[in-house]
Structures are given as C-alpha cells and as structure tokens.
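Trainee:
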Amino acid sequence: MADFKSWDPSSRHLASIAVVIVTFSFLYLRSFLARLRRPPLPPGPRPLPFVGNIFDMPQVRMWEGLRDLCAKHGAHVVISMDMVILGSSEVIFELLDRRSASTSDRKQTPSIPLMGHDTTFGLMAYGSQWKSHRRAFWQQFSPTGITKYHAVLREMTWRFLNTMLRDPVGLEETLQECVAATMLRTLYGFDAKGRDDRMLSLIWDCIEGTRELLISGGFLMDFFPILRFAPSFLPFHRKLAKWRTANVRFKDELFARFKAQSKDRNHETYPCMVGEVLASLSRDGKDEDALAGAERIAKGITLDAVSAGTDTTTSILLTIFFAMSLYPSIQQKAQAELDAVVGPDRLPSFDDRESLVYLEAIIKEAMRWMPSAPLGLTHCTREDEMINGYFIPAGTVLLANIWACLHDSAVYDDPEAFRPERFLREGKPNPDAQDPGAFSFGFGRRICPGRHFGLAAVFIYTASALHVFEFLPPLDDHGQEIRIEPRMASGFVSRPEDARCVFRPRSTRAEVLVVKHAKM
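Using the numbering used here, read the sequence shown as starting at -10 and increasing by one per residue.
(1) At a cut of 8 Å, does the stretch 90 to 98 reach the stretch 363 to 370 through at least three beta carbon pairs?
(2) Which residue's Cα is closest to the Cα of residue 315: 500, 153, 473?
(3) Assuming contact is defined by CB atoms lying nearer than 8 Å, are residue 457 and residue 164 in contact in what I supplied?
(4) Check the C-beta distance from residue 109 over to residue 296 and give it rounded, since I have them as a contact under 8 Å.
(5) With DSSP as the reference, identify every bridge partner of residue 174, one or two as the case may be.
(6) By a C-beta neighbour count over all protein chains shown, 10 Å radius and 16 as the cutoff for buried, is residue 470 buried or exposed?
(7) Evaluate the contact criterion for the stretch 472 to 491 versus the stretch 356 to 367: three or more CB pairs, one atom per stretch, below 8 Å.
(8) Buried or exposed for residue 396, please, with buried defined as at least 16 other CB atoms from any protein chain shown within 10 angstroms of its CB.
(9) Do residue 66 and residue 59 have their beta-carbon atoms positioned less than 8 Å apart in this structure?
(10) Applying the criterion that 16 or more other CB atoms from any shown protein chain within 10 Å of the CB defines a buried residue, is residue 349 buried or exposed?
(11) Helix, strand or coil, according to DSSP, for residue 574 in the structure here?
(12) When the Cα atoms are used, what is the spatial distance from residue 418 to residue 342?
(13) Between residue 377 and the ligand ATP, is the CB less than 7 Å from at least one heavy atom?
(14) Measuring alpha carbon to alpha carbon, tell me which of 392, 468, 463 ends up nearest residue 490.
(15) Where do the ends of the alpha helix (DSSP H) carrying residue 144 lie?
(16) Expressed to the nearest angstrom, what Euclidean distance is found between the alpha-carbon atoms of residue 206 and residue 292?
(17) CA-CA distance, residue 122 and residue 283?
(18) Straight-line CA distance for residue 301 to residue 225?
(19) Do residue 135 and residue 445 come within 8 Å of each other at the CB atom, strictly closer than that value?
(20) Looking at the unbroken alpha helix (DSSP H) that takes in residue 520, where does it start and where does it end?
(21) Find the nearest neighbour of residue 33 within the set 425, 506, 76, judged by alpha-carbon distance.
(22) Which of helix, strand or coil does DSSP assign to residue -7?
(23) Which residues in the same chain have their Cβ closer than 7 Å to the Cβ of residue 326, if we skip the five residues on either side of it in sequence?
(24) Return the bridge partner residues of residue 389 from the DSSP annotation.
(25) Pull up the distance between the alpha-carbon of residue 360 and that of residue 328, whole angstroms please.
(26) Are three or more beta carbon pairs between the stretch 303 to 320 and the stretch 217 to 233 nearer than 8 Å?
(27) Rounding to the nearest angstrom, what Cα-Cα distance links residue 38 and residue 46 in this structure?
(28) Please tell me whether residue 125 and residue 270 are closer than 8 Å, where the distance is taken between their beta carbons.
(29) Taking the C-alpha atoms as reference points, what is the distance between residue 148 and residue 380?
(30) Name the residue from 287, 383, 393 whose alpha carbon lies nearest to the alpha carbon of residue 358.
(31) Is the distance from the Cβ of residue 280 to the Cβ of residue 506 below 8 Å?
(32) At 4 residues or longer, what runs of the alpha helix (DSSP H) sit wholly inside the stretch 282 to 345?
(33) For residue 309 and residue 172, what's the separation of their Cα atoms in angstroms?
(34) Helix, strand or coil for residue 484 per DSSP?
(35) Just mark residue 409 as buried or exposed, buried being the case when its beta carbon has 16 or more other beta carbons within 10 Å.
(36) Where does residue 425 land, buried or exposed, given buried means 16+ other C-beta within 10 angstroms?
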C-alpha cells in the first residue's frame, strides 16, 4: 500500500474537496429531512435564488400591497425564510398579544448600532437593558405620570394657536415646529426660539434618520449584512455616519446643556422628563456607576421619545385638521360640542376631556382612517411557534399590517369614509366598536409606553384648535374650492399625501381669546 506522503498533491486536494462535499451534503440532507418532519411554513410567493422575496415587497404604500398578498395567500404570509406578514387582527392578537413572552424581541440589524440607535429602547432586543429603559420611561408617561406635564402641554398648545394666528399658511410646517418644541420642553424643559433654533434642528436630523431606518428595506445592508464591510465612501455608509452623528449630538449636546443649567432650574415649577428620571434613578444609588447608569438611561429614552413621538403626533394632528376641511358637517358638530362644554370665554382644558365625547370619536376615527404607523414596528420570535397549523421558527420577523386591520370592511363599515359616529352609540362611546388604539400603539410587551402622553397632546391640540379656528379647503386662482383626494403618503410614519387646507378664526372673540392666552 502506498504511503500517504507519496500521494500526489492534487489527489490530496481532491480528497479534501470530497470530504467537504460529503459533510455539506450530510448537513443539507439532515436539514431537508427535518423540514419534511416539521409542519409547513405559512404560504407565500415563491422566493428567487439569493435575493429571496425582496422584489415582492411593495415600494409604494406598502400596506396596500401586503394586504393584497394576504388576500391571495392567507392571513399570514411568509416572505423569504425569516419574515411573516400578519394580515388579520385574529392572528396579530394571538401572536403579538397572547404570546408576547415569545414574540416581543426585535431583530438586531447591522444598521441599528451603526446609526447610534443601540440605546434606543424601542429597538433594543428583549432583555434586562430594555426593561430598565422601559421602566424609567413608563414611570414618567403612565396615566398618572403624565399629569405633571399637563401645564406644559396647555402652554405649548396656546403658543401653537398664536403661531397659527400670526402665520395662517403652512399648517404642516407649523405643526412640526410646535410639536417638536413641545417634546423639547417636556423632555428637557428648554424653550425653542422659533423653527430655526439649533435644538429643533437636532430633532429634525434625528427624525430624518429614524424614518429611513424604520422603512422596511430602507437599507440593503440589513438584507445582505456582508455589506457592512463595504468601503466607507459608499453612499449608504455616508448616510449611516451622518445620522449616527445626528443622534449622538442630540443626546450629548442637549444633556450637557441640561446639566449645565440644572443648578439654576426649579424642577418642581418646571418639571421635565430628564430631571425626573435622573432624580428617580439616582435615589437607587449614589456611587458613580449608578449615576452614570442613570444618565445613560435618561439620554437613551429621550432619543426614543423624540424619534417616536414627534413624527406620529404631527401625523395624527395633520390628519384630523385635513379631515375637518373635507367634512365640514363633522367639524361643525365638534365645534357645537365645544361651545356647549367649554363656552366662549376660555380654552379647553383636560378637565373637559370626558365631556367631549364627539371630539374623542374624531380622534379615534383619524387614527383608524389614516394610521400614522400603518405597519408598526416589527417583532421577532424568541422561540418556535405554531399558528393555524403553520410553523414559525425562532428568529422570524413578524410584520403586522395595522392599516389592513383598520380598513377591514367586516369590522368597519365603509372603511374609506371618515365617520366618527362609528365609535358612538346614542351619543356615548360605543363599547362594541374596535378601538384603533388596540392597533396603533403596538402589541403585547412592546406596546408604546408613551401612548397616554401622545393622546393627551393630540386631545389638547385638537380641542383648542377646533374651538377657535375653522378649517377649510384651499382655493384655486379663481376662488373655487380645490377638492383634494385623501391619500396616505408612503413611509414608516405616514401622513396625508396632500393635506393642504386653510384656517381662520371662528370669530373676533375667538381671536381675542388666542391673543390673551399667548400672553399668559
């Protein structure tokens, strides 16, 4: 028998290749047999080699295309091997609510840390770090916690009304400026000095990057992680670096400014979230590590609050005011209710909220009609799951089509129409109507902890604006009304594609009321 060392090198090379082929063949066969033994994956379009179903993901108003996919394949549709679209409320509530212990994770994509969002708890993996951030956030924005910020919300709403009075054009820009200034005041206690204020610029930059990150498929690198090692001069790497810088600046600059001014600030008179969080967490320990941990959490949750809260609140308010310009009879009913409850001599307060039943129905209908986050944030399974006879492996991304559920004609009659009455019965809230908030704020353990603050802001802005202003369709050059077709714009956070409308004071008395409160 020939000695092994006498083998020809090419023979040894062929033998090595043969071993590799046999090994991979064995592993593939074992995987194939395992797939045969397990239940099937949910149905879906056939994937292409290497790229999977990337071309099956709709690029414009994704929620509409995904609804059509679910109509064709079923209530749950697999997109490639690691994403399942959830297209019915039954499946969504079963997986994301009832089984939230297993489905509350977030997929950790390469772009998250590269953009500086590794401390944004809404995007964190499920675990102890996420729990500590969420706990601190919830203490401030629970139903009882938000009452300390009611005075701030009222004052910032009065400023919004005065800005509308002085600049009766550009509703969308005015809303963005005032809502961002409201968040800045709530988080840090800072007052922005107009839309060109650097502090607001820091917020705009954060929001721009977050929008891009949260659009499904926003970064090709998240589909092909090897691209993270591509040269840094490529456009997507430059974008990531730009937005990481924006996020770091927002967290560090504003926090440093807060610390520099905190000695001169009366936190009881001017409560702000950062001050409250630091005071609460610092009580748990006075050593440097505890204080550093408290600061890290405080900075992290401010980025989450401004990224999630500013854009969505602006979207809901813009939708409401746009709808009022399209449906004057609904606007008149809301104003009649405000006149009866509030009267002509003051602006609405939070004490009026329970009595403004029709106004609350308008807010719910706006959230249903044009949901600000039509697809929400994805979840990720931590364990294998079964649903309706289909197998969903651990590590699968779950994408809930919120818009499709809120436009389900079996639940909401004539879903394309704007009808607040669907949430009322004999002038009172209808307990049988499906509340859009059950979808709009997320699910299970990942439900939005800032939802009560967001709804409070939407209420006081809406009630105050409708009490003193009327919203009308825009006019063309001949003075004729322009009828705008209501349509949602594409994006993770959506808003009306064209929300042009004009507004004017309801009366001289209303105008005087706005000016009076602006001076308070």
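We treat Cβ as the ideally placed atom computed from N, Cα and C, and that holds for glycine.
Mentor: A quick look at the data gives this:
(1) yes
(2) For the purposes of this step, residue 315 is taken as the residue at position 326 of the sequence shown. It is 473.
(3) Here residue 457 refers to the residue found at position 468 of the sequence shown. Here residue 164 refers to the residue found at position 175 of the sequence shown. The answer is no: Cβ separation not under 8 Å.
(4) Numbered from its first residue, the sequence shown carries residue 109 at position 120. Numbered from its first residue, the sequence shown carries residue 296 at position 307. About 7 Å separates the two Cβ atoms, so the contact holds.
(5) Walking along the sequence shown from the start, residue 174 turns up at place 185. Answer is none; residue 174 lacks a bridge partner.
(6) Position 481 of the sequence shown holds residue 470. Exposed: under 16 other Cβ atoms inside 10 Å.
(7) yes
(8) What you label residue 396 is simply residue 407 of the sequence shown in a count that begins at 1. Flag for residue 396 reads buried.
(9) Along the sequence shown, read from residue 1 onward, the residue named residue 59 stands at position 70. Along the sequence shown, read from residue 1 onward, the residue named residue 66 stands at position 77. Yes, Cβ-Cβ distance for residue 59 and residue 66 is below 8 Å.
(10) In the sequence shown, counting from the first residue as 1, residue 349 sits at position 360. Buried, by the Cβ-count rule.
(11) The structure shown has nothing for residue 574, since the chain only spans -10 to 509.
(12) Within the sequence shown, the letter at position 429 stands for residue 418. Within the sequence shown, the letter at position 353 stands for residue 342. Going by C-alpha positions, residue 418 is about 13 Å away from residue 342.
(13) With respect to the ligand ATP, the structure shown offers nothing to examine, as it has no ligands at all.
(14) As a first step, residue 490 is located in the sequence shown; it is residue number 501 there, counting from the start. Among 392, 468, 463, the Cα nearest to that of residue 490 is on 463.
(15) Counted from its first residue, the sequence shown places residue 144 at position 155. Its alpha helix (DSSP H) spans residues 139 to 155.
(16) Sequence index remark: in the sequence shown, residue 206 carries index 217 (1-based). Sequence index remark: in the sequence shown, residue 292 carries index 303 (1-based). Reliability of the predicted coordinates at residue 206 is poor, the pLDDT of 47 falling under 50, and the value obtained from them is presented with this limitation in mind. About 22 Å.
(17) Here residue 122 refers to the residue found at position 133 of the sequence shown. Here residue 283 refers to the residue found at position 294 of the sequence shown. Spanning the two alpha carbons is a distance of roughly 10 Å.
(18) Mapped onto the sequence shown, residue 301 falls at position 312. Mapped onto the sequence shown, residue 225 falls at position 236. Looking at the backbone, the Cα of residue 301 and that of residue 225 are separated by about 25 Å.
(19) Taking the first residue of the sequence shown as 1, we reach residue 445 at position 456. Taking the first residue of the sequence shown as 1, we reach residue 135 at position 146. Cβ distance < 8 Å, so residue 445 and residue 135 count as in contact.
(20) The question about residue 520 has no answer, for the chain in this structure spans -10 to 509.
(21) Position 44 of the sequence shown, counted from the start, is the residue given in the question as residue 33. It is 76.
(22) Locating residue -7 in the sequence shown gives position 4, where the first residue counts as 1. With a pLDDT of 46 at residue -7, under the threshold of 50, the modelled position of this residue cannot be trusted, and the question is left open.
(23) Position 337 of the sequence shown holds residue 326. Contacts found: 345, 347, 348.
(24) Translated into positions along the sequence shown, residue 389 becomes position 400. Per DSSP, 75.
(25) Stepping through the sequence shown from its first residue, residue 360 is reached at position 371. Stepping through the sequence shown from its first residue, residue 328 is reached at position 339. Their Cα atoms are separated by approximately 28 Å.
(26) no
(27) The residue you call residue 38 lines up with position 49 of the sequence shown. The residue you call residue 46 lines up with position 57 of the sequence shown. Approximately 16 Å, taken between the alpha carbons.
(28) As a working note, residue 125 is residue 136 in the sequence shown. As a working note, residue 270 is residue 281 in the sequence shown. The answer is yes: Cβ separation under 8 Å.
(29) Position 159 of the sequence shown holds residue 148. Position 391 of the sequence shown holds residue 380. In a straight line, the C-alpha of residue 148 is about 53 Å away from that of residue 380.
(30) To locate residue 358, count along the sequence shown from 1; it is residue 369. Ranking 287, 383, 393 by Cα distance to residue 358 puts 393 first.
(31) Here residue 280 is taken as the residue at index 291 of the sequence shown, counted from 1. Here residue 506 is taken as the residue at index 517 of the sequence shown, counted from 1. For residue 280 and residue 506, no; Cβs fall outside 8 Å.
(32) Taken in chain order, the whole alpha helix (DSSP H) runs of length 4 or more contained in the stretch 282 to 345 are 317 to 330.
(33) In the sequence shown, residue 309 corresponds to position 320, counting from 1. In the sequence shown, residue 172 corresponds to position 183, counting from 1. Rounded to whole angstroms, residue 309 to residue 172 spans 20 Å at the Cα level.
(34) Sequence index remark: in the sequence shown, residue 484 carries index 495 (1-based). Residue 484: coil per DSSP, three-state reduction.
(35) Along the sequence shown, one-based indexing puts residue 409 at 420. Buried: at least 16 other Cβ atoms inside 10 Å.
(36) Working through the sequence shown from its first residue, we reach residue 425 at position 436. With 16 or more other Cβ atoms within 10 Å, it is buried.
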